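**Student:**
In the UniProt record's numbering, the protein residues as written are 1 to 464.
(1) By Cβ distance below 8 Å, which residues in the same chain neighbour residue 316 in space, the five residues on each side in sequence not counted?
(2) Report the partner residues of residue 374 according to the DSSP bridge assignment.
(3) Do residue 451 and residue 211 come within 8 Å of each other at the CB atom, strictly closer than that value?
(4) Tell me which residue opens and which closes the beta strand (DSSP E) that residue 396 is part of.
(5) DSSP state of residue 6, grouped into three classes?
(6) Between the Cα of residue 101 and those of 395, 416, 457, spot the shortest distance and give me the residue it belongs to.
(7) If you drop the 5 nearest sequence neighbours on each side, which residues of the same chain put their C-beta closer than 7 Å to that of residue 136?
(8) Would you kindly work out how many angstroms separate the C-alpha atoms of residue 422 and residue 432, rounded to a whole number?
(9) What did DSSP end up calling residue 128 once you bin it into helix, strand or coil?
(10) Using C-beta distances below 7 Å, list every residue in its chain close to residue 191, excluding the 5 sequence neighbours before and after it, in chain order.
(11) Do you know whose CA, among 91, 400, 353, 69, lies nearest residue 58's CA?
(12) Mind checking residue 87: buried by the 16 CB within 10 Å criterion, or exposed?
(13) Using a 10 Å radius around the Cβ and a threshold of 16 neighbouring Cβ atoms, would you call residue 78 buried or exposed?
(14) From residue 161 to residue 112, what distance separates their C-alpha atoms?
(15) Can you tell me whether residue 460 is buried or exposed, with buried defined as 16 or more other CB within 10 angstroms of its CB?
(16) Quick one: is residue 214 buried, meaning 16 or more other Cβ sit within 10 Å of its Cβ, or exposed?
(17) Starting from the C-beta of residue 150, find all residues in its chain whose C-beta is less than 6 Å away, skip the five residues before and the five after it, and write them out in chain order.
(18) Below 8 Å, how does it come out for the stretch 172-190 and the stretch 296-313: are there three or more Cβ pairs, yes or no?
(19) If you compare alpha carbons, which of 311, 382, 348 is closest to residue 371?
(20) Using a C-beta cutoff of 8 Å, does residue 179 count as contacting chain C?
(21) Cα separation between residue 70 and residue 174?
(22) Tell me the start and end of each unbroken alpha helix (DSSP H) in the stretch 231-271 that is at least 4 residues and wholly inside, in chain order.
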């Protein structure tokens, strides 16, 4: 039976329209591609949680958190309350910037929605199918929020994943718990006031970006549970005079609110989330592909005199400036948002995994000497943010010029990572986090079949 999707003219505010769809969603209506992305996202997510389980920023959260309960933070000892598990898993999965992203935007859906949904499902005894519904609903909302006003949140000084994440997590948890239209509408309204996250982390590569998805995840849980108990939020949280896009977006980018409801249920944006082959910022990745290709073609690093990258204007303030910091990152995290560092490590190591972003690696003198030769020029034809591309032009000491281009994001909709590649990434992440291959295989198998599980009681077996 075809689901009725309300229209703005006949059925109220945008939050109400989205809530009607979410409350009535049947998994039979979801295309195979969207379900496949959800499974891949879950596998990728739990592997990333394990990879970062010993990191100091994760330990700082655990040491500061006073809530204990029955919810699982992967690889951590004991149980946490819902908010704590969501905060820890969301931070761990995003902490190394190796998590999936919605292609064409800097929106990371899974690091927010999955930890929120898992914690709520584990706490309230929901099924694997309920989890799938929550991941799809919350992820779809975040993807749609990303294209209402592209680049507008960054231009206003906010992290899109952080501010939209509270809304996505609230929707995902509400769908998981089977909340009705009015409750979901209120959850979204409340979440709008819980949203937060500024991008000043760009100045020094400090830890605040890492915690944004986890904080959004626990905020969404709070908003959904408040709404389930009858707490009221504004119906016009999206389009209102003082709503989300008024508060968190640059006024130079007018919002297209139709993106939130257009083809809702018939076109799934979440099917276009991309999985990263490299452990760094999404927009750096095509340039690393170019660098690795040049290295494999035998470009002699010792003879390089200059490297120029052609870039989109909108990426400069995040990936290129201040240039001195980008050429010599002060922290491993700062290196993840530096094209000069990414290109240099791609040329020298022919890799850009977790081992390339450590305190030791970022201080290597020969690597920094190469990064110091790397600059940029703005390409007015660059398709950012609609498409992430990369061009690297190398000049050698004899005047010869060698060039490589990557026309799209590898791991995205134009060139997906295979399930085998996602499994290999998962295995490497579990190994990095200190888990045995056998325990890693058990977790991977569990995640692969979780959507068919009657409940999430088995999650407790994957604590530390």
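C-beta atoms are modelled at their ideal positions from N, C-alpha and C, and glycine is treated no differently.
The structure presented is a predicted model; accordingly, all values stated were derived computationally and were not measured.
**Tutor:** Taking the definition as stated:
(1) The residue given as residue 316 occupies position 316 in the chain shown. Answer for residue 316: 376, 378, listed in chain order.
(2) Looking up residue 374 in the chain shown gives position 374. Its beta-bridge partners are 307.
(3) Residue 211 sits at position 211 when you count from the first residue of the chain shown. Residue 451 sits at position 451 when you count from the first residue of the chain shown. No, these two residues do not count as a Cβ contact at 8 Å.
(4) Taking the chain shown and counting its residues from 1, the one referred to as residue 396 is at position 396. 390-396 is the span of the beta strand (DSSP E), which, as asked, contains residue 396.
(5) On the chain shown, position 6 is the one that residue 6 refers to. Only weak support is given to the placement of residue 6: the predicted model assigns it a pLDDT of 45, under 50, and the value that follows is read from those uncertain coordinates. The answer is coil: DSSP assigns residue 6 none of H, G, I, E or B.
(6) Taking the first residue of the chain shown as position 1, residue 101 is located at position 101. Nearest of 395, 416, 457 to residue 101, Cα basis: 416.
(7) Translated into positions along the chain shown, residue 136 becomes position 136. Within the same chain, residue 136 has close Cβ partners 30, 34, 38, 270.
(8) As a position in the chain shown, residue 422 is number 422, starting the count at 1. As a position in the chain shown, residue 432 is number 432, starting the count at 1. If I take the Cα positions, the gap works out to 15 Å.
(9) Residue numbering aside, residue 128 sits at position 128 when the chain shown is read from its first letter. Looking at residue 128 - three-state DSSP - the assignment turns out to be helix.
(10) Residue 191 sits at position 191 when you count from the first residue of the chain shown. If we look at residue 191 and ignore the five residues flanking it on each side, its Cβ neighbours are 166, 167, 170, 219, 220, 223.
(11) As a first step, residue 58 is located in the chain shown; it is residue number 58 there, counting from the start. Nearest C-alpha to residue 58: 91.
(12) To locate residue 87, count along the chain shown from 1; it is residue 87. Answer is buried; the Cβ neighbour count reaches 16.
(13) As a working mapping, residue 78 is identified with position 78 in the chain shown. The residue in question, residue 78, is exposed, as its Cβ has fewer than 16 Cβ neighbours within 10 Å.
(14) Reading the chain shown from its first residue, position 161 is the one you call residue 161. Reading the chain shown from its first residue, position 112 is the one you call residue 112. Approximately 8 Å between the Cα atoms of the pair.
(15) What you label residue 460 is simply residue 460 of the chain shown in a count that begins at 1. Exposed: under 16 other Cβ atoms inside 10 Å.
(16) On the chain shown, residue 214 is found 214 positions in, with the first residue counted as 1. Burial call: buried.
(17) Locating residue 150 in the chain shown gives position 150, counting from the first residue. 385, listed in sequence order.
(18) no
(19) For the purposes of this step, residue 371 is taken as residue 371 along the chain shown, with counting starting at 1. Closest by alpha carbon: 348.
(20) In the displayed structure, chain C is absent; only one protein chain is listed.
(21) Start at 1 with the first residue of the chain shown, and residue 70 comes out as number 70. Start at 1 with the first residue of the chain shown, and residue 174 comes out as number 174. One C-alpha to the other measures close to 20 Å.
(22) 244-248
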